[in-house]
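Just so we're aligned, residue -10 is where the sequence shown starts under the working numbering, counting upward by one.
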Amino acid sequence: GVAVDSAGNVFVADQGNQIVQKVDTAGHVTILAGQPGVSGFANGPGSSAKFNSPIGIGLDSAGNIFVTDEGHMIRKIDTAQNVTTLAGVPNTIGTADGPGSSAEFFYPLGVAPDRTGNVFVADTYNQAIRKIDSTGYVTTIAGQIGSGGGYADGQGINAQFKYPFGIAVDSAGNLYVADQNNQVIRK
(Lines of atoms letter the chains of each structure in order from A and count residues from 1; the text may use other names and numbers.)
(Lines give C-alpha, C1' and ligand atoms only; values in the text may rest on other atoms or scores of the structure.)
Protein backbone atom coordinates (compact mmCIF):
# COMPACT_ATOMS: atom_id res chain seq x y z
CA GLY A 1 0.00 0.00 0.00
CA VAL A 2 1.04 3.54 -0.74
CA ALA A 3 -0.26 6.94 0.42
CA VAL A 4 0.95 10.49 -0.20
CA ASP A 5 0.58 13.49 2.12
CA SER A 6 0.00 17.11 1.11
CA ALA A 7 3.76 17.84 1.26
CA GLY A 8 4.55 15.07 -1.24
CA ASN A 9 5.96 12.54 1.22
CA VAL A 10 5.18 8.93 0.32
CA PHE A 11 4.23 6.36 2.96
CA VAL A 12 4.58 2.65 2.23
CA ALA A 13 3.11 -0.38 3.96
CA ASP A 14 5.99 -2.76 3.25
CA GLN A 15 4.23 -6.07 3.70
CA GLY A 16 7.16 -8.41 3.15
CA ASN A 17 9.47 -6.50 5.48
CA GLN A 18 6.81 -6.02 8.23
CA ILE A 19 7.39 -2.25 8.39
CA VAL A 20 5.89 1.12 7.47
CA GLN A 21 8.27 3.45 5.68
CA LYS A 22 8.38 7.10 4.68
CA VAL A 23 10.01 8.39 1.51
CA ASP A 24 10.49 12.15 1.78
CA THR A 25 10.51 14.54 -1.16
CA ALA A 26 14.31 14.27 -1.41
CA GLY A 27 14.04 10.48 -1.75
CA HIS A 28 15.31 9.61 1.74
CA VAL A 29 13.73 6.46 3.13
CA THR A 30 13.12 6.01 6.85
CA ILE A 31 11.35 3.32 8.83
CA LEU A 32 8.47 4.86 10.80
CA ALA A 33 7.28 1.74 12.56
CA GLY A 34 7.92 -1.96 12.79
CA GLN A 35 10.98 -4.18 12.90
CA PRO A 36 12.43 -5.21 9.52
CA GLY A 37 11.77 -8.88 8.88
CA VAL A 38 10.11 -9.45 12.27
CA SER A 39 6.45 -10.45 12.12
CA GLY A 40 4.20 -10.23 15.14
CA PHE A 41 1.96 -7.98 17.15
CA ALA A 42 3.13 -5.21 19.45
CA ASN A 43 1.93 -1.67 20.02
CA GLY A 44 4.40 0.98 21.09
CA PRO A 45 6.88 3.53 19.80
CA GLY A 46 7.93 3.11 16.16
CA SER A 47 10.80 0.61 16.30
CA SER A 48 9.24 -1.31 19.21
CA ALA A 49 6.03 -2.01 17.28
CA LYS A 50 5.48 -5.19 15.31
CA PHE A 51 3.19 -5.84 12.35
CA ASN A 52 1.87 -9.01 10.77
CA SER A 53 1.99 -8.13 7.06
CA PRO A 54 0.96 -4.46 6.89
CA ILE A 55 -0.75 -4.01 3.53
CA GLY A 56 -3.20 -1.09 3.25
CA ILE A 57 -2.33 2.45 4.25
CA GLY A 58 -4.17 5.77 4.52
CA LEU A 59 -3.52 9.21 5.98
CA ASP A 60 -5.82 11.65 7.72
CA SER A 61 -5.54 15.43 7.56
CA ALA A 62 -3.82 15.54 10.97
CA GLY A 63 -0.94 13.34 9.74
CA ASN A 64 -2.01 10.10 11.42
CA ILE A 65 -1.35 6.93 9.45
CA PHE A 66 -3.78 4.03 9.36
CA VAL A 67 -2.57 0.58 8.37
CA THR A 68 -4.41 -2.67 7.75
CA ASP A 69 -2.59 -5.58 9.30
CA GLU A 70 -3.19 -9.11 8.03
CA GLY A 71 -3.26 -10.12 11.69
CA HIS A 72 -6.91 -8.96 11.35
CA MET A 73 -6.42 -5.50 12.82
CA ILE A 74 -6.44 -1.82 11.91
CA ARG A 75 -3.43 -0.04 13.35
CA LYS A 76 -2.77 3.67 13.85
CA ILE A 77 0.58 5.43 13.78
CA ASP A 78 0.22 8.89 15.31
CA THR A 79 2.39 11.89 14.45
CA ALA A 80 4.85 10.93 17.23
CA GLN A 81 5.21 7.46 15.60
CA ASN A 82 3.39 5.64 18.39
CA VAL A 83 1.58 2.55 17.11
CA THR A 84 -1.76 1.51 18.61
CA THR A 85 -4.47 -0.91 17.58
CA LEU A 86 -7.52 1.06 16.47
CA ALA A 87 -9.73 -1.98 15.95
CA GLY A 88 -9.55 -5.74 15.78
CA VAL A 89 -8.33 -8.55 17.98
CA PRO A 90 -4.80 -9.77 17.21
CA ASN A 91 -4.78 -12.93 15.08
CA THR A 92 -8.52 -13.46 15.57
CA ILE A 93 -10.79 -13.94 12.56
CA GLY A 94 -14.37 -12.85 13.03
CA THR A 95 -17.33 -10.72 12.05
CA ALA A 96 -18.27 -8.81 15.21
CA ASP A 97 -19.15 -5.12 15.13
CA GLY A 98 -18.68 -3.13 18.33
CA PRO A 99 -16.01 -1.25 20.25
CA GLY A 100 -12.64 -1.37 18.48
CA SER A 101 -11.01 -3.66 21.04
CA SER A 102 -13.66 -6.35 20.54
CA ALA A 103 -14.54 -5.86 16.85
CA GLU A 104 -13.35 -8.60 14.51
CA PHE A 105 -12.12 -8.60 10.92
CA PHE A 106 -11.11 -11.20 8.33
CA TYR A 107 -8.11 -9.99 6.33
CA PRO A 108 -8.87 -6.29 6.15
CA LEU A 109 -6.81 -5.05 3.21
CA GLY A 110 -7.89 -1.50 2.31
CA VAL A 111 -8.21 1.53 4.58
CA ALA A 112 -9.30 5.14 4.03
CA PRO A 113 -9.90 7.86 6.65
CA ASP A 114 -12.31 10.71 5.92
CA ARG A 115 -12.28 14.37 6.96
CA THR A 116 -14.57 13.84 9.96
CA GLY A 117 -12.56 11.23 11.88
CA ASN A 118 -14.09 8.05 10.45
CA VAL A 119 -11.91 5.29 9.05
CA PHE A 120 -13.35 3.00 6.36
CA VAL A 121 -12.06 -0.52 5.86
CA ALA A 122 -12.37 -3.00 3.02
CA ASP A 123 -12.83 -6.14 5.14
CA THR A 124 -11.85 -8.36 2.25
CA TYR A 125 -12.62 -11.91 3.34
CA ASN A 126 -15.78 -10.82 5.16
CA GLN A 127 -17.02 -9.36 1.83
CA ALA A 128 -17.93 -6.09 3.55
CA ILE A 129 -17.14 -2.43 4.06
CA ARG A 130 -16.72 -1.48 7.71
CA LYS A 131 -16.64 1.91 9.41
CA ILE A 132 -14.66 2.82 12.51
CA ASP A 133 -16.16 6.04 13.84
CA SER A 134 -14.28 8.74 15.74
CA THR A 135 -15.03 6.97 19.05
CA GLY A 136 -13.53 3.69 17.79
CA TYR A 137 -16.85 1.89 17.31
CA VAL A 138 -16.98 -0.49 14.33
CA THR A 139 -20.09 -1.03 12.19
CA THR A 140 -20.69 -2.86 8.95
CA ILE A 141 -22.03 -0.30 6.46
CA ALA A 142 -22.19 -2.31 3.24
CA GLY A 143 -22.02 -5.93 2.16
CA GLN A 144 -23.15 -9.20 3.63
CA ILE A 145 -20.67 -10.63 6.09
CA GLY A 146 -20.44 -14.39 5.80
CA SER A 147 -22.19 -14.50 2.44
CA GLY A 148 -19.25 -15.93 0.53
CA GLY A 149 -19.40 -12.95 -1.79
CA GLY A 150 -21.48 -11.98 -4.75
CA TYR A 151 -22.46 -8.99 -6.82
CA ALA A 152 -25.42 -6.80 -6.05
CA ASP A 153 -25.88 -3.06 -5.93
CA GLY A 154 -28.05 -1.83 -3.10
CA GLN A 155 -28.08 0.00 0.17
CA GLY A 156 -26.15 -1.24 3.20
CA ILE A 157 -26.37 -4.98 3.73
CA ASN A 158 -28.37 -5.38 0.52
CA ALA A 159 -25.16 -4.77 -1.44
CA GLN A 160 -22.79 -7.64 -2.13
CA PHE A 161 -19.05 -7.62 -2.76
CA LYS A 162 -16.63 -10.34 -3.74
CA TYR A 163 -13.31 -9.66 -2.04
CA PRO A 164 -13.29 -5.85 -1.81
CA PHE A 165 -9.65 -4.83 -1.74
CA GLY A 166 -8.89 -1.14 -2.20
CA ILE A 167 -10.95 1.71 -0.77
CA ALA A 168 -10.82 5.49 -1.08
CA VAL A 169 -12.97 8.37 0.14
CA ASP A 170 -13.43 11.68 -1.68
CA SER A 171 -13.87 15.16 -0.20
CA ALA A 172 -17.68 14.79 -0.34
CA GLY A 173 -17.57 11.58 1.72
CA ASN A 174 -18.28 9.15 -1.13
CA LEU A 175 -16.52 5.79 -0.90
CA TYR A 176 -14.95 4.02 -3.88
CA VAL A 177 -14.20 0.31 -3.60
CA ALA A 178 -12.13 -1.92 -5.83
CA ASP A 179 -14.34 -5.03 -5.83
CA GLN A 180 -11.54 -7.40 -6.79
CA ASN A 181 -13.22 -10.63 -7.86
CA ASN A 182 -16.16 -8.85 -9.48
CA GLN A 183 -13.60 -6.80 -11.45
CA VAL A 184 -15.44 -3.50 -10.92
CA ILE A 185 -15.10 -0.22 -9.05
CA ARG A 186 -18.07 0.41 -6.76
CA LYS A 187 -19.32 3.70 -5.26
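Note that CB positions come from ideal geometry on N, CA and C, so glycine has one too.
- Taking all protein chains in view, the Cβ of Tyr96 is crowded by 16 or more other Cβ atoms within 10 Å, so the residue is classified as buried.
- Between Ala(-4) and Thr14 the beta-carbon gap is near 7 Å, inside 8 Å, which marks them as a contact.
- Thr124 carries a coil assignment under DSSP once its states are collapsed to helix, strand and coil.
- Distances from the CA of Gly60 to each of Thr84, Ser50 and Phe30 were compared; the closest alpha carbon is that of Phe30.
- In the DSSP annotation of this structure, the continuous segment of the beta strand (DSSP E) that includes Gly99 starts and ends at Pro97 to Pro102.
- By the C-beta criterion, the segment 90 to 110 is judged to be in contact with the segment 154 to 167, since at least 3 inter-stretch pairs fall below 8 Å.
- Cβ contact annotation for Phe40 (same chain, cutoff 6 Å, sequence separation greater than five): Gln7, Gly23 and Asp58, in chain order.
- Where Asp3 is concerned, the enclosing beta strand (DSSP E) starts and stops at Val(-1) to Asp3.
- As summarised for the segment 24 to 48, the continuous beta strand (DSSP E) elements at least 3 residues long and confined to that stretch are 43 to 48, given in chain order.
- In the structure shown, Thr113 adopts helical secondary structure according to DSSP, grouped into three states.
- Assignment of Ile134 by DSSP, reduced to helix, strand and coil, places it in the coil class.
- Beta-bridge partners assigned by DSSP to Ile146: none are found.
- Shortest Cα-Cα distance from Glu93 to any of Val72, Gly145 and Tyr126 involves Tyr126.
- Burial check for Thr124: the Cβ neighbour count within 10 Å stays below 16, so the residue is exposed.
- Rounded to whole angstroms, the separation of the alpha carbons of Lys151 and Gln144 is 16 Å.
- Of the candidates Gly135, Gln149, Asn171 and Ala167, the residue whose Cα lies closest to the Cα of Ile82 is Gly135.
- DSSP, read as helix, strand or coil, puts Asn170 in helix.
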